[in-house]
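Residue numbers (the numbering used here): 25 to 121.
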Amino acid sequence: MPDLSNMTAENFSEMEGLVFTVTSTDPKVELELVEVKKLGAGERPGGAFSLLWQGPSEPALTQATYCLSQATIGEHDIFLVPVAQKEIGYQYEAIFT
Numbered sequence: 025m026p027d028l029s030n031m032t033a034e035n036f037s038e039m040e041g042l043v044f045t046v047t048s049t050d051p052k053v054e055l056e057l058v059e060v061k062k063l064g065a066g067e068r069p070g071g072a073f074s075l076l077w078q079g080p081s082e083p084a085l086t087q088a089t090y091c092l093s094q095a096t097i098g099e100h101d102i103f104l105v106p107v108a109q110k111e112i113g114y115q116y117e118a119i120f121t
């Protein structure tokens, strides 16, 4: 399983369009990775970046750390912030610095 602290925007760009499953909620929630955006310099290799996921309308997730699972990278705890509500559901962002 890859170490999340060493992953770059390029690593996640390869996963755009893939579904991540929030396994720490009941019921589990599926989120589609819809955008990877470079944010400039950061402490991590490759610089800072943000990830944007599209989720369903229900259930809405609050700002918190969730366990996300994806076949390529396994399970990782990621801090998600709800950033937008669209007709199709909520969008969530994670920022890596």
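From the three backbone atoms N, C-alpha and C, an ideal C-beta is built for every residue, glycine too.
Please check the pair residue i and residue j, which I expect to be a contact at CB under 8 Å, by giving their CB distance rounded to whole angstroms.
i: T32; j: P69; result: 6 Å
i: Y90; j: T45; result: 10 Å between Cβ atoms; not a contact.
i: I97; j: P26; result: 5 Å
Here's the rule: buried if 16 or more other CB atoms are within 10 angstroms of the residue's CB, otherwise exposed. What is residue i?
i: F120; result: buried
i: G41; result: exposed
i: F73; result: buried
i: G79; result: buried
i: F36; result: buried
i: F103; result: exposed
i: V53; result: buried
i: Q115; result: buried
Just reading off the alpha helix (DSSP H) that residue i is part of, what are its end residues?
i: A33; result: A33 to S37
With a threshold of 7 Å on Cβ separation, who are the neighbours of residue i within its own chain once the five nearest residues in sequence on each side are excluded?
i: G64; result: G71 and A72
i: L76; result: V58, E59, Q115 and E117
Skipping 5 residues on each side, what residues in its chain have a beta carbon closer than 6 Å to that of residue i?
i: Q87; result: V105
What first and last residue would you give for the beta strand (DSSP E) that runs through residue i?
i: E99; result: G98 to K110
**Prompt:** Where are the beta strand (DSSP E) runs, 3 residues long or more, that stay fully inside the region 43 to 88, in chain order?
**Reply:** 43 to 46, 53 to 64 and 72 to 78
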